[in-house]
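Right, one structure below, let's go through it.
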Amino acid sequence: MKKTTNKPKFSPVAKYSKAHERYLKRLRNDKIFVILFQILILVLGIGLWELLAYTKVIDAFFVSSPSRIFNMFVSLVENGSIFKHIGITLLETIIGFVVATLGGTFFAIILWWNKRLRRILEPYIVVLNSLPKIALGPIIILWVGSGMGAIIVMCVLICIVLTTITMLNAFNSCDADKIQLMKSMHANKFQIFWKLILPSATDEFISVLKINVGMSCNQPALSLRRKFQVLSLQKVRSCLVNT
Amino acid sequence: MGKMLSFDNVNFFYQTKKEEIQALKDLTFDVDENEFASIVGPSGCGKTTILSLIAGLLEASSGEILLSGTPIKDSDDRIGYMFQRDHLFEWRTIWQNVTLSLEIKKQPNADQIREQAKELLKKYDLYDFISAKPRELSGGMRQRVALIRTLVMQPKLLLLDEPFSALDFQTRLKVCDDVYDIIKSENKTAILVTHDISEALSMSDKVVVLSSRPASVKHIQMLKFNGETPLSRREDPSFGKIFDLIWKQLTNEKDNKQT
Ligand SMILES: Nc1ncnc2c1ncn2[C@@H]1O[C@H](COP(=O)(O)OP(=O)(O)OP(=O)(O)O)[C@@H](O)[C@H]1O
Ligand SMILES: [Mg+2]
Numbered sequence: 044m045k046k047t048t049n050k051p052k053f054s055p056v057a058k059y060s061k062a063h064e065r066y067l068k069r070l071r072n073d074k075i076f077v078i079l080f081q082i083l084i085l086v087l088g089i090g091l092w093e094l095l096a097y098t099k100v101i102d103a104f105f106v107s108s109p110s111r112i113f114n115m116f117v118s119l120v121e122n123g124s125i126f127k128h129i130g131i132t133l134l135e136t137i138i139g140f141v142v143a144t145l146g147g148t149f150f151a152i153i154l155w156w157n158k159r160l161r162r163i164l165e166p167y168i169v170v171l172n173s174l175p176k177i178a179l180g181p182i183i184i185l186w187v188g189s190g191m192g193a194i195i196v197m198c199v200l201i202c203i204v205l206t207t208i209t210m211l212n213a214f215n216s217c218d219a220d221k222i223q224l225m226k227s228m229h230a231n232k233f234q235i236f237w238k239l240i241l242p243s244a245t246d247e248f249i250s251v252l253k254i255n256v257g258m259s260c261n262q263p264a265l266s267l268r269r270k271f272q273v274l275s276l277q278k279v280r281s282c283l284v285n286t
Numbered sequence: 127m128g129k130m131l132s133f134d135n136v137n138f139f140y141q142t143k144k145e146e147i148q149a150l151k152d153l154t155f156d157v158d159e160n161e162f163a164s165i166v167g168p169s170g171c172g173k174t175t176i177l178s179l180i181a182g183l184l185e186a187s188s189g190e191i192l193l194s195g196t197p198i199k200d201s202d203d204r205i206g207y208m209f210q211r212d213h214l215f216e217w218r219t220i221w222q223n224v225t226l227s228l229e230i231k232k233q234p235n236a237d238q239i240r241e242q243a244k245e246l247l248k249k250y251d252l253y254d255f256i257s258a259k260p261r262e263l264s265g266g267m268r269q270r271v272a273l274i275r276t277l278v279m280q281p282k283l284l285l286l287d288e289p290f291s292a293l294d295f296q297t298r299l300k301v302c303d304d305v306y307d308i309i310k311s312e313n314k315t316a317i318l319v320t321h322d323i324s325e326a327l328s329m330s331d332k333v334v335v336l337s338s339r340p341a342s343v344k345h346i347q348m349l350k351f352n353g354e355t356p357l358s359r360r361e362d363p364s365f366g367k368i369f370d371l372i373w374k375q376l377t378n379e380k381d382n383k384q385t
C-alpha cells in the first residue's frame with residue numbers, strides 16, 4: 044500500500060525539476076561570484092588610493108584620499124549641510140535627466156516625422172554631437188551664471204544630442220515590412236508611430252535612460268566635488284591661519 | 127461567380143536614382159470570387175510588386191486594377207496582406223497581435239469579430255497561448271497567428287506572399303492544410319505567391335505563371351484536382367502531369383534567358 048502511494052514522487056517531473064534546480068544553483072553561484080569580484084575590485088581600488096595618498100606617492104591635496112573624503116563626509120553630516128548638498132545635487136540631476144531625455148526623444152520624434160527636416164539638420168546634429176560640450180562651460184556660465192542653472196544646462200546639453208541621435212536611429216531601424224503591414228491595415232502615420240515605431244524602440248530607450256542617468260549624475264557630481272574642494276580649501280586656510 | 131480582382135494591361139516601374147526598373151509589363155489576369163489563385167514565377171520577377179499594388183501600397187504606372195469592379199484607390203473593400211515573415215509584434219501578446227487591426231480601424235461589430243478570432247485560436251490550438259508573447263511560439267504557430275491576425279481585418283481578398291517559406295517541410299504541409307481549411311471555410315478569395323509549384327498546385331483553383339522581370343502572364347492553368355485538403359490533392363493522378371507542364375513553362379523561361 045505504502046509503496047504505491049509513494050510512487051508518484053518519482054515522476055519525470057521530479058527528475059526534470061532536479062536538473063532545473065542544478066541549473067538555477069549554477070546561475071546563483073555565478074551571480075555570487077560576479078558580485079564578490081566586483082566588491083573585491085572596489086576594495087582594492089580604494090585601498091590602493093589610500094595607500095598611495097598615505098605614502099605621499101600622489102598628492103592628496105589635489106586628488107584627495109578615501110580617509111579625507113570620509114572625514115569630510117562625517118563633518119558634513121555632523122553640521123547637517125550634507126543633506127542640503129545632496130538635495131541640490133539630486134534636484135539638478137533629476138531636472139537635467141528629465142529635460143534631456145524628454146527633449147531628446149521629442150526632437151527624435153520630430154525628425155522621424157519630417158524626413159526633409161532630418162536631412163536639413165543632419166550635419167548640424169553631427170557637429171553638435173562631436174563638439175566637446177565641456178568646452179561650452181565658460182560660455183554657459185556667462186549666459187546663465189554659475190549656479191544651479193549652469194549645471195542643469197550643461198547636463199541637458201551633454202545628454203540631449205546623444206538621446207536625439209540614439210532615438211532617431213532606433214526609430215529608423217524599424218523593419219520596413221512591419222510598416223508595410225501597418226499600412227496594409229490602413230494605419231495612419233500617428234498609429235504607425237504609436238503602435239509600432241515607439242514600442243519597437245523600447246530597448247534603445249531603456250539604454251538611453253541608463254546612459255542619461257549616468258551622465259546627468261556626472262555633471263552635478265562635479266559641482267558637488269567642487270563644493271567639497273572649496274570647503275576643504277577653507278579648512279586648509281583656517282589651519283594655516285591658526286598656525 | 128463575379129470577378130473579385132482584375133488586372134488590365136498593368137505596367138509598373140520602380141524609380142531609382144540610377145534608372146527606371148520595369149517590374150510589370152502589360153500584366154493581365156483576373157481572379158474570381160471565392161477562387162484560390164496562385165502566382166508562380168522566377169525569383170525577382172515582380173510577384174511581391176503585384177501584391178503591393180493590390181494592397182494599395184504602390185500605384186500602377188499605367189493600366190487598370192479593379193477590385194469588385196471599382197478601381198483599387200476608390201474601393202473600400204478590405205484586403206488582408208500576409209507577409210513572408212509573420213511580423214508579429216514581440217512586445218504584444220498573441221491576443222493583442224491578433225486584434226491589432228481592430229485598434230487601428232474601429233469596427234461596428236468588433237465584439238463579434240473578437241468572438242470569431244477566439245474560435246479560430248481555439249480551433250488551431252493557440253487559445254492557451256493567448257496571453258503569451260510571440261517568442262514563446264514555434265514558427266508554425268506564429269504563422270497561424272499571423273493568418274488569424276489577417277482574417278480579423280475581415281478581408282474580402284487575402285494576399286499571401288510566400289507565407290510558408292520560413293517553415294520546415296513537415297510544418298509547412300500542416301500549416302498549408304490549416305490555411306487552406308481556414309480560407310475555404312471562411313469563403314475567402316485568396317492569392318498565394320509561392321516558388322513551390324507543388325504547393326501552388328495543391329492549394330489553388332488557378333495558377334498564374336509569370337515570365338521573368340518584367341513580369342507578364344505566361345500561362346494560366348485552371349486546376350480541378352480531387353481531394354478535400356492540399357495533402358490529398360497531391361494524390362490526384364494528374365498532379366504530376368500538370369506539375370511537369372508548369373515546370374516546363376518556368377524552366378523554359380530560364381533557358382531563354384541563358385541563350
Ligand atoms: N523598392 C524598389 N526599388 C527598386 N527596385 C525594386 C524595388 N523593389 C523591388 N524592385 C525590383 O523589382 C523587381 C521585382 O521585385 P519583387 O519584389 O516584386 O520580386 P519577387 O518576384 O517578389 O521576388 P522574390 O521571388 O525574390 O520574392 C526585382 O527585380 C527588384 O529588384
Ligand atoms: Mg517577393
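Heads up: the protein sequence lines correspond to chains A and B, in order.
Each residue of the first sequence is one higher than the one before, counting from 44 in the working numbering.
Each residue of the second sequence is one higher than the one before, counting from 127 in the working numbering.
In this text, a Cβ means the ideal position worked out from N, Cα and C, and glycines have one as well.
Residue i, DSSP secondary structure in three states
i, result
"B:H213", "coil"
"B:P197", "strand"
"B:I256", "coil"
"A:I254", "helix"
"A:V204", "helix"
"B:H321", "coil"
"A:M210", "helix"
"B:S337", "coil"
"B:H345", "strand"
"B:F365", "helix"
"A:M228", "coil"
"B:A292", "coil"
"B:V224", "helix"
"B:Q384", "Caution is warranted here: a pLDDT of 47 is assigned to B:Q384, below 50, making its placement in the model unreliable, and no coordinate value can be reported."
"B:S132", "strand"
"B:L327", "helix"
"A:T245", "helix"
"B:T315", "strand"
"B:L285", "strand"
"B:K310", "helix"
"A:K74", "helix"
"B:A332", "Here residue 332 of chain B turns out to be Lys, not Ala, going by the sequence shown. B:K332: strand per DSSP, three-state reduction."
"A:D220", "helix"
"B:D354", "This sequence places Glu at residue 354 of chain B; Asp is not what is there. Of the three classes helix, strand and coil, the one that applies to B:E354 here is coil, per DSSP."
"A:L95", "helix"
Cβ of residue i within 7 angstroms of any chain A Cβ
i, result
"B:Y250", "no"
"B:A341", "no"
"B:H321", "no"
"B:W397", "What the structure shows of chain B is the stretch from 127 to 385, and residue 397 of chain B is not part of that stretch, so it cannot be assessed."
"B:I230", "yes"
"B:F209", "yes"
"B:W217", "yes"
"B:S132", "no"
"B:S264", "no"
"B:N137", "no"
"B:S227", "yes"
"B:H345", "no"
"B:Q141", "no"
Short CB-CB distance (under 7 angstroms) between residue i and chain B
i, result
"A:P242", "yes"
"A:A62", "no"
Integer-rounded CB distance, given that residue j should sit under 8 angstroms from residue i
i, j, result
"A:L154", "A:L145", "Between A:L145 and A:L154 the Cβ distance is about 15 angstroms, and since that is not below 8 angstroms, they are no contact."
"B:N223", "B:R275", "6 angstroms"
"A:M258", "A:C202", "5 angstroms"
"B:L263", "B:M208", "Not a contact, Cβ separation roughly 16 angstroms."
"B:L252", "B:I308", "Not really, about 12 angstroms apart at Cβ, beyond 8 angstroms."
Subject >> Within 8 angstroms of chain B by C-beta, residues of the segment 208–240 of chain A in sequence order >> reply: Going along the segment 208–240 of chain A in chain order, one finds D218, D220, K221, Q223, L224, M225, K226, S227, M228, H229, A230, Q234, K238 and L239 with a Cβ nearer than 8 angstroms to chain B.
Subject >> Under 7 angstroms (Cβ pairs) to chain A, residues found in the segment 177–196 of chain B >> reply: Listed by position, the residues of the segment 177–196 of chain B near chain A (Cβ gap below 7 angstroms) are A181 and L183.
**OP:** Using a Cβ-Cβ cut-off of less than 7 angstroms, give me the residues of the segment 142–160 of chain A that come near chain B, in sequence order.
**Re:** The segment 142–160 of chain A vs chain B, Cβ under 7 angstroms: nothing.
Subject >> 4 or more residues per run - each alpha helix (DSSP H) lying fully within the segment 106–192 of chain A >> reply: Note on the segment 106–192 of chain A: whole alpha helix (DSSP H) runs with a minimum of 4 residues are 109–122, 124–156, 158–173 and 180–187, in chain order.
Original post:
In chain order, which beta strand (DSSP E) runs of at least 3 residues are fully inside the segment 138–212 of chain B?
Top reply: Segments of the beta strand (DSSP E) lying fully in the segment 138–212 of chain B: 146–158, 162–166, 188–193 and 205–208.
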